[in-house]
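Peer 1: The sequence shown begins at 3 in our numbering and counts up one residue at a time. We put the beta carbon where it would ideally sit given N, CA and C, even for glycine. This structure is a prediction, so every number in the text was calculated from the model and none was measured.
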Amino acid sequence: MNILVTGGAGFIGSCFIRQMLNNHPDYKIINLDCLTYCGNLSNLNDIKDNKNYTFVHGNICDKKLVRELISQVNCVVNFAAESHVDNSIRNPEIFIETNVKGTLNLLQACKEIGIERYLQVSTDEVYGTLGKTGYFIESTPLAPNSPYSASKASADLLARAYFETYKLPILITRCSNNYGPYQYPEKLIPFFISKLLKDEKVPVYGDGMNIRDWLYVYDHTKAIDIVLHNGKIGEVYNIGGHNEKTNLEITRLILNAMGKDDSYINFVEDRLGHDKRYAISNDKIQNELNWKPTVTFEEGIKLTINWYLNNQDWIKSIEDKKASLV
Ligand SMILES: NC(=O)c1ccc[n+]([C@@H]2O[C@H](COP(=O)([O-])OP(=O)(O)OC[C@H]3O[C@@H](n4cnc5c(N)ncnc54)[C@H](O)[C@@H]3O)[C@@H](O)[C@H]2O)c1
């Protein structure tokens, strides 16, 4: 396979590229990334010289470049996105630009040039929120509540439309919250660790009772590998860890691991439109494609916290870059 991976300098895309180069040494990967504030080439330092890996600095909205690159590959995996809900509440436009128009540009180029498989990396947030019970399944109606999730749902629906209208061979994956190394420290787990490293309090939204399902990033990218190879064209696959935790539980786990107590919690005003509960059924991908998570939450969270503690230079370099932009 020759694969165009978009957004490969981000958290999940970099894990996917590393895993694919390790597991499929004959595959060639082009990583197209425009390096927004959260794109970071140092996430891929260990594989940057691999002869099967090429980095291209560019935007998925660039029509000419995208066509040039798609003509060199037979598969596309689209990770590129604006991914932070809080930013989407403050500034929705860029989410429509990248997540919707960028995806449309990729789909249209694939249709014009021809492709064997196009995989759209989506999120469980497109389903909206759940009550106390039940799970999102693939046929749950989409009901996004934030500009971020609305933009991701739009991208999903465009991918679906290109399959229905033009028979473009698309696949869609919808995953729950990921955690692991190299996640930009604006997201809950690395953000809280970076605050505690500076001996600062951590801001917990509302009463901290919002529930998310957490999956170790490596298990997500493994699932994408499996869907890319064996998924049925035109289908959606949910990916989840069955690890439902309240934000407060996650916070206390981190506090504990870092030798801090509840006095480091600062409850702040809730996020606008904050979804109460996400929980995802992964029965379909387990039964049809034989995927299941391999890293337990207890193992994964330990690995993750240790990684950030052992890689404080990585966090510091991001904070220095942020400070230099202010
Ligand atoms: N993080 C999660 O928990 C999670 C869960 C489910 C799905 N997802 C989805 O997975 C994908 C990757 O998420 P992530 O957490 O790695 O995000 P991230 O923010 O860490 O990485 C996104 C990457 O995309 C790049 N990018 C952004 N706009 C671009 C553009 N216009 N052209 C080219 N590159 C661009 C950025 O530079 C960055 O490298 C996203 O599509 C996201 O919606 C994330």
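Using the C-alpha atoms, what's the distance from Ala161 back to Tyr239?
Peer 2: Whole-angstrom Cα-Cα distance: 14 Å.
Peer 1: Using 7 Å as the cut-off, classify the Cβ of Ala11 as near or not near the heavy atoms of ligand 1, replying yes or no.
Peer 2: Result yes, Cβ under 7 Å from ligand 1.
Peer 1: Hey, quick one: how far does the beta strand (DSSP E) through Ile5 stretch, first residue to last?
Peer 2: Asn4 to Thr8 is the span of the beta strand (DSSP E), which, as asked, contains Ile5.
Peer 1: Taking the alpha-carbon of Tyr200 as reference, which of Lys169, Ile19, His276 and Tyr266 has the nearest alpha-carbon?
Peer 2: Here residue 200 is Lys; the residue named in the question, Tyr, does not match the sequence. Taking only the C-alpha atoms, the option nearest Lys200 is Tyr266.
Peer 1: Kindly list the residues whose CB is nearer than 6 Å to the CB of Trp196, restricted to its own chain and excluding five residues on each side of it in sequence; keep chain order.
Peer 2: Reading the sequence as shown, one finds Ser at residue 196 and not Trp. Taken in chain order, the residues that qualify are Pro187 and Ile317.
Peer 1: Identify every run of the beta strand (DSSP E) within the stretch 78-154, keeping only runs that are complete inside it and at least 3 residues long; order them along the chain.
Peer 2: List check, beta strand (DSSP E) in window: 119-125.
Peer 1: Should Thr125 be counted as a contact of ligand 1 given a C-beta to heavy atom distance under 7 Å?
Peer 2: Thr125: yes, Cβ under 7 Å from ligand 1.
Peer 1: Output the distance between the C-alpha atoms of Leu198 and Val204, rounded to the nearest integer angstrom.
Peer 2: Each residue's Cα considered, the two are about 7 Å apart.
Peer 1: Between Asn292 and Ala325, what straight-line distance do the alpha-carbon atoms span, to the nearest angstrom?
Peer 2: Spanning the two alpha carbons is a distance of roughly 45 Å.
Peer 1: Hey, Leu278 and Thr131: beta-carbon distance below 8 Å or not?
Peer 2: Inspection of the sequence shows that residue 278 is occupied by Lys rather than by Leu. Result yes, Cβ atoms of Lys278 and Thr131 sit closer than 8 Å.
Peer 1: Take Cys112 and list the residues in its own chain whose beta-carbon comes closer than 7 Å to its own, dropping the five residues that flank it on each side.
Peer 2: Closer than 7 Å at the Cβ level, and outside the excluded window around Cys112, lie Ile72, Val78, Tyr120 and Leu170.
Peer 1: Nearest to Thr296 by alpha carbon, out of Ser44, Asn147 and Gly242?
Peer 2: That would be Gly242, whose Cα lies nearest to the Cα of Thr296.
Peer 1: For the candidate residues Glu290, His244, Gly182 and Asn24, whose alpha-carbon lies nearest to that of Gly233?
Peer 2: Comparing Cα-Cα distances from Gly233 to each of Glu290, His244, Gly182 and Asn24, the minimum goes to Glu290.
Peer 1: Indicate, with yes or no, if ligand 1 has a heavy atom lying under 7 Å from the CB of Cys112.
Peer 2: No, the beta carbon of Cys112 sits no closer than 7 Å to any heavy atom of ligand 1.
Peer 1: Excluding sequence positions up to five away, which residues of its chain have a Cβ less than 6 Å from the Cβ of Ile96?
Peer 2: Answer for Ile96: Glu84, listed in chain order.
Peer 1: Indicate whether Asn249 and Asn308 have their beta-carbon atoms separated by less than 8 Å.
Peer 2: Not a contact, by the Cβ cut-off of 8 Å.
Peer 1: Would the C-beta of Asp306 count as close to ligand 1, meaning under 7 Å from any of its heavy atoms?
Peer 2: First, the amino acid is wrong: residue 306 is Thr here, not Asp. Thr306 Cβ: outside cutoff for every heavy atom of ligand 1.
Peer 1: Could you tell me the distance, in whole angstroms, from the CA atom of Asp158 to the CA atom of Tyr150?
Peer 2: In a straight line, the C-alpha of Asp158 is about 13 Å away from that of Tyr150.
Peer 1: Assess contact between the stretch 22-38 and the stretch 49-68, defined as three or more Cβ pairs (one per stretch) separated by less than 8 Å. Is contact present?
Peer 2: Contact holds: three or more Cβ-Cβ distances are below 8 Å.
Peer 1: Using only CA atoms, which one of Thr105, Tyr220 and Gln74 lies nearest to Leu305?
Peer 2: The option with the nearest alpha carbon to Leu305 is Tyr220.
Peer 1: Can you give me the C-alpha to C-alpha distance between Phe18 and Ile115, rounded to a whole angstrom?
Peer 2: Between Phe18 and Ile115, the C-alpha separation is close to 25 Å.
Peer 1: Hey, how far is the Cα of Val75 from the Cα of Ile287?
Peer 2: Taking the straight line joining both Cα atoms gives about 26 Å.
Peer 1: Ser44: which of Val123, Ala11 and Phe165 sits nearest, CA to CA?
Peer 2: When each option's Cα is compared against that of Ser44, the closest is Ala11.
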